[in-house]
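Notes to accompany the following structure.
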Amino acid sequence: MASLIGSYSLFFGLGCSFLILFFSFKNLRDSTNFDNKLLYFTFLQLLFVIVSFFGLIISFVNSDFSNSTVFNHSHTTKPLFYKISGTWGNHEGSLLLWLLVLTLFIFLFLISSKKQPKKYRVLTLLFQQIIIIGFLIFLIQTSNPFAYIYPVPIEGLGLNPILQDPALAIHPPILYLGYVGSSIIFSSVLAASSTNYVSKEWAKHIKQWILISWIFLTLGILLGSIWAYYELGWGGFWFWDPVENVSLMPWIALTTLFHCVLVLEKKLLLTSWVVILSIATFTLSMSGTFLVRSGILNSVHTFANDPERGLYILIFLFTLIFLSLFVFFFLHKTDEKNTNSFFWLSKETSILINNWFMMYFLAVVLIGTIYPIFLDVLSSQKISVGPPFYHKLIIPFLIPFLLAMAIGPKLKWIKSDLQNKFYLFSLLAISLLLSFLIIRILEISFLVNTILFTSAFYLFFITLRDFFIKGFKNLAQNTAHFGFSLLILSILFNNFLSTEVITNLKIGETYKSNELSINFEKIEKKKRQNFETIIGKFNVKSDNELVEILNPELRIYNQPNIVTSEADIKTNLWSDKFMTMNLVQNQEYFNIRYQIKPFMIWIWFSVIIISFGGFFSFFKKKYEN
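Residues are numbered in this note's numbering as their position in the sequence shown, beginning at 1, plus a constant of 1121.
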């Protein structure tokens, strides 16, 4: 019954979309005021999608295997928590969650934009409904979450064990709030361009939606990174996995867009930048959806492999791109009076320079992600682009980027000069000296690393000083920039101080190397609700003193029949002790991977600080110089 109600609700939601389109065109043509029918139908559409979504949840909870989605991704022995969160741990359910966020955001937009011009509101609703209709048709035709199976199976196939984790409950919803938030920005900018409303007032209005999307996307990426860290056994925070990159690219575009909107709000400049970046952000989000759903990307994150679905999204994406380019080239107008050149030393110039750096970083990530795809299509040659590619192309440009982040906020709008030169150069000298000492202690390559550490410390000290000197003035900016400097420093120390031991051990054996020893004491077997676990006990000693007792696991799932490795991680303020084990050599030996990862908690904490910068900016009524 729940599946049937959910299925009908999707069709009713689609019907609401067509009614909204009809009344939108009618309202644009016949009325001077916003037609409240549009708000009522938008709310009704949201209600139908909510009913459909809860219908799928109930189907999972009740283990209704007449529903193909439930059959393919659930099992009677699966805990209730994973039955609920598993609703969106699959292709069909995740798209339904996408649709829910799409309808929720446009409803909230209409409520929060009552003071905006009528034509702008109606056109935003119209463009958003085009996106919603596209997703509804895609969902019903190719990815129906309520498809019926007969005869009804007795048991389901189960959920991928990697997804049976508490992070599944929060990571996808938060990430989708960030992704889908870009759709409102996209629809809004098309509406504003069509009505010549790209102005200071519009910038102030859309800035809040940019921040909402940016905050959720930042937190979503953070949660995904933490999840991959402890679940996949990589022992790191970022691996330039294609699907990781797919989420990073819209974040870079959003960050750039936000800074452009600040310039637009203050000086009515960079209007074309704002329009292009708004379109690019949504395009990158949609492109990521296409790449993941089509199965083109070879990634551990990918849970769909259907070229037909990917082709539909690709056609839909090209349609939206064509629509947006038409609006930009034929309807968007730039006020010639506000296209005056920038003074070389000013806040807007520094933002523009940093925007170019951000676009370069975006281009590097984009090329690294899609180049293997094109190479495979053109020559059938399969390659993977790993961290060395990104490090070589990004790190040299990261240095001037950090320096610009440090100096740029000290400049004034229109025309400026460097004030307080003494403390600026003093902090630079301190940063250089400190970096020199660190490089000598770590005994690593000198020139590039010294300059990189110096630029990161320079941004760190400048923002730290601003906290003490300026207090709450520019709090949002200082918080985000401080968090970013802390992130870069934590990554650098993590990279240069990490150690790793990989060895094969039998029960009772001990690995020894210099002052480190790892004793494989025993294993313990336990039975859980939907899996059996083999727990190892390892005593890690340094200079014959016990450092840590680590208990990595092997989990044997029966539905589906998969063995997974679960890391044991001991975290303190300065480092993580990370260990995984896997069976090798006819189940006599275990492969042991032990890592010491310094400053991991500071990496996570720094991203939280960055997101707090977004929160402070969102709740700030007025930007201060």
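Backbone N, C-alpha and C fix where the C-beta goes; we use that ideal spot for every residue, glycine too. Note that the coordinates shown come from a computational prediction; the quantities given were computed from them, not determined experimentally.
Contact check, His1196 vs Asn1682, beta carbons under 8 Å = Between His1196 and Asn1682, the C-beta gap is not smaller than 8 Å, which leaves the two residues out of contact.
Measuring alpha carbon to alpha carbon, tell me which of Phe1578, Leu1545, Tyr1544 and Asn1541 ends up nearest Phe1557.
-> When each option's Cα is compared against that of Phe1557, the closest is Phe1578.
Which stretch, first to last residue, makes up the beta strand (DSSP E) that contains Thr1685?
-> For Thr1685, the uninterrupted beta strand (DSSP E) segment begins and ends at Asn1682 to Glu1687.
So Gly1279 is in the beta strand (DSSP E); what residue range does that whole segment cover?
-> Per DSSP, Gly1279 belongs to no beta strand (DSSP E) and is neither H nor E.
Is Phe1360 helix, strand or coil by DSSP?
-> For Phe1360, the three-state secondary structure derived from DSSP is coil.
Cβ shell of Leu1549 (< 7 Å), same chain only, five flanking positions each side left out | Answer for Leu1549: Tyr1579, listed in chain order.
Tyr1632 bridges to which residues according to DSSP?
-> Per DSSP, Ile1639.
Check each candidate in Val1485, Ser1206, Phe1605 and Ile1572 and name the one with the smallest Cα separation from Leu1585.
-> Leu1585 has its Cα closest to that of Phe1605, out of Val1485, Ser1206, Phe1605 and Ile1572.
Under a three-way DSSP split, which group does Tyr1511 fall into?
-> DSSP places Tyr1511 in helix when its eight states are reduced to three.
Apart from the five residues on each side of it in sequence, which residues of its chain come closer than 8 Å, Cβ to Cβ, to Thr1685?
-> Result list for Thr1685: Pro1282, Ile1283, Leu1675, Arg1676 and Tyr1678, in chain order.
By the 10 Å Cβ neighbour count, where 16 or more other Cβ atoms means buried, how is Gly1734 classified, buried or exposed?
-> A buried status is given to Gly1734, since no fewer than 16 other beta-carbon atoms sit within 10 Å of its beta-carbon.
Among all the DSSP beta bridges, which residues are the ones paired with Arg1714?
-> Bridge partners of Arg1714: Ile1623 and Thr1701.
In terms of residues, what are the limits of the beta strand (DSSP E) holding Tyr1678?
-> Annotation for Tyr1678: the continuous beta strand (DSSP E) segment containing it runs Glu1674 to Asn1679.
Distance between Ile1528 and Ser1467 (C-alpha atoms, nearest Å) | Going from the Cα of Ser1467 to the Cα of Ile1528 covers about 10 Å.
Sorted by chain position, which residues of the same chain lie with C-beta nearer than 6 Å to Gly1345's C-beta, five sequence neighbours on each side aside?
-> His1292, listed in sequence order.
Hey, how far is the Cα of Leu1607 from the Cα of Ile1656?
-> Leu1607 and Ile1656 have their C-alpha atoms some 36 Å from each other.
For the candidate residues Ser1634, Leu1246 and Leu1338, whose alpha-carbon lies nearest to that of Tyr1161?
-> Comparing Cα positions, the closest option is Leu1246.
Cutoff 6 Å; reference Ala1123; Cβ partners in own chain excluding five residues on either side | These residues qualify, in order along the chain: Gly1176, Ile1179 and Ser1180.
DSSP on Asn1459, reduced to helix/strand/coil?
-> Note on Asn1459: pLDDT 49, under 50, position unreliable in the model; the coordinate value appears next. Helix, per DSSP.
CA-to-CA distance, Phe1593 to Pro1530, given in whole angstroms = Whole-angstrom Cα-Cα distance: 15 Å.
Please list, in chain order, all residues of the same chain as Val1448 whose beta carbon is under 8 Å from its beta carbon, the five residues on each side excluded.
-> In the same chain as Val1448, and ignoring 5 residues on each side of it, the C-beta atoms closer than 8 Å to its own belong to Leu1311, Ser1314 and Ser1315, in chain order.
Per-residue burial, Val1273 [other beta carbons within 10 Å of its own, 16 or more giving buried] | It counts as exposed.
State the DSSP-derived secondary structure class of Thr1402, mapped to helix, strand or coil.
-> It is helical.
Starting from Thr1204, trace the alpha helix (DSSP H) both ways and give me its first and last residue.
-> Note on identity: in this sequence residue 1204 is Lys, with Thr being the wrong assignment. Per DSSP, Lys1204 belongs to the alpha helix (DSSP H) from Leu1201 to Ser1206.
Using DSSP bridges, identify the partner residues of Gly1302.
-> According to DSSP, which records beta bridges pairwise, Gly1302 is partnered with nothing at all.
Could you give the residue range of the beta strand (DSSP E) that holds Thr1654?
-> Where Thr1654 is concerned, the enclosing beta strand (DSSP E) stretches over Phe1652 to Ser1663.
Rounded to a whole number of angstroms, what is the C-alpha to C-alpha distance between Ser1264 and Thr1208?
-> Rounded to whole angstroms, Ser1264 to Thr1208 spans 14 Å at the Cα level.
Measuring CA to CA, which of Ser1732, Phe1737 and Lys1158 is closest to Trp1335?
-> Ranking Ser1732, Phe1737 and Lys1158 by Cα distance to Trp1335 puts Ser1732 first.
Note the first and the last residue of the continuous beta strand (DSSP E) segment covering Ile1670.
-> Counting along the chain, the beta strand (DSSP E) containing Ile1670 begins and ends at Glu1666 to Leu1671.
Whole-number beta carbon distance between Ile1713 and Ile1609, since they are thought to touch under 8 Å = 32 Å between Cβ atoms; not a contact.
Just to check, is the beta-carbon of Ala1597 closer than 7 Å to a non-hydrogen atom of the ligand MG?
-> Absent from the structure shown: the ligand MG. Ligands present: none.
Residue from Ile1205, Ile1232 and Asn1148 with nearest C-alpha to Phe1164 = Of the listed residues, the one whose Cα sits closest to Phe1164 is Ile1232.
At what residues does the alpha helix (DSSP H) containing Leu1246 begin and finish?
-> DSSP places Leu1246 in the uninterrupted alpha helix (DSSP H) bounded by Lys1239 to Thr1263.
Give the straight-line distance between the Cα atoms of Lys1387 and Met1526, rounded to the nearest whole angstrom.
-> Approximately 19 Å between the Cα atoms of the pair.
DSSP beta-bridge partners of Thr1692 | Answer is Asp1697, bridged to Thr1692.
Give the DSSP-derived three-state secondary structure of Lys1533 in the structure shown.
-> Under the three-state reduction of DSSP, Lys1533 is assigned to coil, being neither helix nor strand.
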